[in-house]
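*Asks:* For the sequence shown, this note's numbering gives the first residue as 183, with consecutive numbering after it.
Just so you know, even glycine gets a beta-carbon here, dropped at the ideal spot from N, CA and C.
First the structure, which I've put down as structure tokens, then a few questions once you've had a look.
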Amino acid sequence: MIPLLNVLARDPDLLAAAVFGGALLLVVLVAALWSVVFEADERRLQRRVDRVQSPRSGGSGDRAKPMESLRRNKQDSSIASLDRVIKRLLPNLGLMRLRLERAGWSLKVGDFLLICLGLSIATVLALTLSFDFSLMINGPLGLIVGLAVPNLVLRQRITRRTKKFVSLMPDALDLIVRGIRSGLPASEALKTIAEEIEDPIGKEFRQISDQMKIGVAMDEAMWSTARRLGIAEFNFLVISLSIQQETGGNLAEILEKLSDMVRRREQMRLKVKAMSSEARASAGIIGALPFIMCGVISFVSPGYMSVLFNDPRGWVMIGLGFTSLATGIGVMSKMIKFDI
């Protein structure tokens with residue numbers, strides 16, 4: 183152990199790579215431990231919800247399994263060789279397809295991965311030309327930037343599209359209620375939403391309407407869209423329609439109460455956001471403060487800050503600082519996240 187430490191102390195680049203790798207590994211272990219300890223109940227509840235949402239969950243044997251089409255084979259890339267590599271190497275290809283669909287993008291998985299690869303290469307070249315770091319540092323940094331930035335943009339797009347969908351949901355429900363009270367069947371009321379409400383609700387209901395035109399049952403088309411979107415408010419609508427078809431009842435009154443509930447959920451979500459704004463602002467300020475102070479000190483006294491980057495002990499301090507900063511931001515983001 184001691185000879186290894188001596189080798190690391192003599193080689194600053196190797197020490198920097200080791201500190202960076204150790205800090206990254208520690209963050210991953212903390213995130214994995216958090217997921218195992220605190221999200222086990224959440225995953226178990228989600229599995230129960232998925233079983234309830236399955237339109238044929240009560241069956242047994244082959245009937246309980248979703249039927250897969252033999253003719254439908256989505257190509258994940260226009261390049262055949264890349265398509266084969268993606269199918270062999272990616273562990274959860276369906277999840278990536280699902281995320282791209284939830285974002286409303288027409289990108290294929292291969293195109294998204296090519297964007298990640300191009301950004302990684304560009305980051306490595308920029309770091310090589312701008313800083314005198316070795317490839318052992320530039321390579322992992324470029325890979326992290328190439329994977330993190332597109333996924334963050336994709337996640338932000340999904341979040342923005344989901345919020346817009348939920349904000350338009352009460353208007354869509356009110357339109358269904360008015361259509362049913364005027365004498366239209368539920369299927370025709372859904373077609374009215376596809377024509378009158380803007381995207382993303384209009385686009386999703388157009389797909390449901392197109393599926394019903396080719397003979398797919400309404401509840402089956404709705405459940406398929408609900409599994410793809412993963413939005414609780416839309417699941418409420420699908421459950422209400424399914425129960426009403428099986429047991430009967432006043433659908434207009436049910437959907438009117440559902441519209442009021444969705445509005446109240448959105449009001450509560452905005453109230454929680456306002457109450458947690460102070461904690462979110464504190465997290466942003468605390469997270470940005472080290473970088474701001476580093477820039478100010480580097481500008482005022484470059485020689486004073488250069489020791490932190492040139493001395494091996496400085497790399498250790500930077501690694502520990504990044505680890506504690508990432509852990510603190512993760513804990514604070516978890517504390518201010520509420521499920522309504």
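1) Does the distance from the C-beta atom of Ile511 to that of Gly469 stay below 7 Å?
2) In chain order, what residues of the same chain have a beta carbon less than 7 Å from the beta carbon of Arg462, not counting five sequence neighbours either side?
3) Give me the Cβ distance between Leu282 and Leu289, rounded to the nearest whole Å; I'm assuming they're in contact under 8 Å.
4) Within its chain, find whatever has a CB closer than 8 Å to the CB of Val331; leave out the 5 residues flanking it on each side and keep chain order.
5) Where does Pro367 fall in DSSP's three states?
6) Would you identify the three-state DSSP class for Ile518, choosing helix, strand or coil?
7) Less than 7 Å between the beta carbons of Ala371 and Ile383, yes or no?
8) At what residues does the alpha helix (DSSP H) containing Trp405 begin and finish?
9) Have a look at Trp497 and Gly503 and give me their C-alpha separation to the nearest angstrom.
10) By alpha-carbon positions, which one of Leu295, Ala414, Ser459 ends up nearest to Ser540?
11) Looking at the unbroken alpha helix (DSSP H) that takes in Pro382, where does it start and where does it end?
12) Under three-state DSSP, which class holds Asn274?
13) Using the Cα positions of Lys516 and Lys395, report the straight-line distance between them to the nearest angstrom.
14) So for Lys345, helix, strand or coil by DSSP?
15) Around the C-beta of Thr341, are 16 or more other C-beta atoms found within 10 angstroms, so that it is buried, or is it exposed?
16) When we look at the beta-carbon of Arg284 and count the other beta-carbons within 10 Å, is it buried (16 or more) or exposed?
17) If you draw a straight line from the C-alpha of Glu378 to the C-alpha of Trp287, how long is it?
18) Exposed or buried, Leu357, counting other C-beta atoms within 10 Å across all chains shown (16 or more means buried)?
19) Just checking my contact of Ala376 with Arg388 at CB under 8 Å: how many whole Å lie between their CB atoms?
20) Can you tell me whether DSSP reads Ile396 as helix, strand or coil?
21) Within 10 Å of its beta-carbon, does Ala205 have 16 or more other beta-carbons around it, so buried, or fewer, so exposed?
22) Does the Cβ-Cβ distance between Val144 and Thr305 come in under 7 Å?
23) How is Ser464 classed by DSSP in three states: helix, strand or coil?
24) What are the start and end residues of the alpha helix (DSSP H) that includes Asn432?
25) Are the Cβ atoms of Ile436 and Ser422 separated by less than 7 Å?
26) Over the uninterrupted alpha helix (DSSP H) stretch that includes Phe491, give me the two end residues.
27) Write down the C-beta distance between Pro352 and Arg445 rounded to the nearest angstrom, noting that I regard them as a contact closer than 8 Å.
28) Does DSSP put Lys439 in a helix, in a strand, or in coil?
29) Between which two residues does the alpha helix (DSSP H) containing Ser316 stretch?
30) Give the DSSP-derived three-state secondary structure of Lys455 in the structure shown.
31) Report back the beta-carbon spacing between Leu507 and Met499 to the nearest angstrom; my notes put them in contact at under 8 Å.
32) Under 8 Å Cβ to Cβ from Arg343, same chain only, skipping five residues before and after it: list those, please.
33) What's the call for Lys373, buried or exposed, on a 16-neighbour Cβ count within 10 Å?
34) Should Ala246 go down as buried or exposed, given a rule of 16 or more other Cβ atoms within 10 Å for buried?
35) To the nearest angstrom, report how far apart Met278 and Ile297 are at their CA atoms.
*Replies:* Quick look at the numbers:
1) Indexing the sequence shown from 1 puts residue 511 at position 329. Indexing the sequence shown from 1 puts residue 469 at position 287. It is a contact, given that the beta carbons lie within the stated cut-off.
2) As a working mapping, residue 462 is identified with position 280 in the sequence shown. The beta carbon of Arg462 lies closer than 7 Å to those of Ile518 in the same chain, with the five residues before and after it left out.
3) Residue numbering aside, residue 282 sits at position 100 when the sequence shown is read from its first letter. Residue numbering aside, residue 289 sits at position 107 when the sequence shown is read from its first letter. Between Leu282 and Leu289 the beta-carbon gap is near 6 Å, inside 8 Å, which marks them as a contact.
4) By one-based count along the sequence shown, residue 331 stands at place 149. Contacts found: Leu301.
5) For the purposes of this step, residue 367 is identified with residue 185 of the sequence shown, where counting begins at 1. In the structure shown, Pro367 sits in coil (DSSP, three-state: anything other than H, G, I, E or B).
6) Position 336 of the sequence shown, counting from 1, holds the residue named residue 518. Here DSSP, grouped into helix, strand and coil, assigns Ile518 to coil.
7) Numbered from 1 along the sequence shown, position 189 holds the residue referred to as residue 371. Numbered from 1 along the sequence shown, position 201 holds the residue referred to as residue 383. Not in contact: Ala371 and Ile383 (Cβ atoms no closer than 7 Å).
8) On the sequence shown, residue 405 is found 223 positions in, with the first residue counted as 1. That run of the alpha helix (DSSP H) goes 400-411.
9) Sequence index remark: in the sequence shown, residue 497 carries index 315 (1-based). Sequence index remark: in the sequence shown, residue 503 carries index 321 (1-based). Each residue's alpha carbon lies about 10 Å from the other.
10) Not covered by the structure: residue 540. The range shown for the chain is 183 to 522.
11) As a working mapping, residue 382 is identified with position 200 in the sequence shown. Per DSSP, Pro382 belongs to no alpha helix (DSSP H) and is neither H nor E.
12) One-based indexing of the sequence shown puts residue 274 at position 92. Shown here, Asn274 sits in coil according to DSSP, grouped into three states, outside any helix or strand.
13) Taking the sequence shown and counting its residues from 1, one reaches residue 516 at position 334. Taking the sequence shown and counting its residues from 1, one reaches residue 395 at position 213. Cα to Cα, the separation comes out at about 44 Å.
14) Here residue 345 refers to the residue found at position 163 of the sequence shown. The DSSP-derived three-state label of Lys345 is helix.
15) Residue mapping note: residue 341 aligns to position 159 of the sequence shown, counting from 1. With a threshold of 16 other beta carbon atoms within 10 Å, Thr341 falls short and is exposed.
16) Numbered from its first residue, the sequence shown carries residue 284 at position 102. Around the beta carbon of Arg284, 16 or more other beta carbons lie within 10 angstroms, which makes this residue buried.
17) Reading the sequence shown from its first residue, position 196 is the one you call residue 378. Reading the sequence shown from its first residue, position 105 is the one you call residue 287. Computed Cα separation, rounded: 22 Å.
18) Reading the sequence shown from its first residue, position 175 is the one you call residue 357. Of the other Cβ atoms in all chains shown, 16 or more fall within 10 Å of the Cβ of Leu357; this residue is therefore buried.
19) Taking the first residue of the sequence shown as 1, we reach residue 376 at position 194. Taking the first residue of the sequence shown as 1, we reach residue 388 at position 206. At roughly 4 Å, the Cβ-Cβ gap stays under 8 Å, so Ala376 and Arg388 are in contact.
20) Taking the first residue of the sequence shown as position 1, residue 396 is located at position 214. In the displayed model, Ile396 falls within coil according to three-state DSSP, outside both helix and strand.
21) In the sequence shown, the residue the question calls residue 205 occupies position 23. By the Cβ neighbour-count rule, Ala205 is buried, with 16 or more other Cβ atoms within 10 Å of its own.
22) A question about residue 144 goes unanswered here, because the residues of the chain that appear run from 183 up to 522.
23) Position 282 of the sequence shown, counted from the first residue, corresponds to residue 464. Helix at Ser464.
24) For this step, residue 432 is matched to residue 250 along the sequence shown. That residue, Asn432, is in no alpha helix (DSSP H); it is neither H nor E in DSSP.
25) In the sequence shown, residue 436 corresponds to position 254, counting from 1. In the sequence shown, residue 422 corresponds to position 240, counting from 1. For Ile436 and Ser422, yes; Cβs fall inside 7 Å.
26) Within the sequence shown, numbered from 1, the residue matching residue 491 stands at position 309. That run of the alpha helix (DSSP H) goes 484-492.
27) Reading the sequence shown from its first residue, position 170 is the one you call residue 352. Reading the sequence shown from its first residue, position 263 is the one you call residue 445. Contact holds; Cβ gap of about 5 Å.
28) By 1-based counting over the sequence shown, the position of residue 439 is 257. DSSP places Lys439 in helix when its eight states are reduced to three.
29) Taking the first residue of the sequence shown as 1, we reach residue 316 at position 134. Segment: none, Ser316 is in no alpha helix (DSSP H) and carries neither H nor E.
30) Here residue 455 refers to the residue found at position 273 of the sequence shown. Lys455 falls in the helix class under three-state DSSP.
31) On the sequence shown, residue 507 is found 325 positions in, with the first residue counted as 1. On the sequence shown, residue 499 is found 317 positions in, with the first residue counted as 1. So it is not a contact: roughly 12 Å between Cβ atoms.
32) For this step, residue 343 is matched to residue 161 along the sequence shown. Cβ within range, chain order: Arg284, Ala285, Gly286, Pro382.
33) Looking up residue 373 in the sequence shown gives position 191. Buried, since its Cβ has 16 or more Cβ neighbours within 10 Å.
34) Taking the sequence shown and counting its residues from 1, one reaches residue 246 at position 64. Unreliable positioning characterises Ala246 in this predicted model, as indicated by a pLDDT of 40, which lies under 50. The coordinate reading is nonetheless provided below. Under this definition Ala246 is an exposed residue.
35) Here residue 278 refers to the residue found at position 96 of the sequence shown. Here residue 297 refers to the residue found at position 115 of the sequence shown. Cα to Cα, the separation comes out at about 14 Å.
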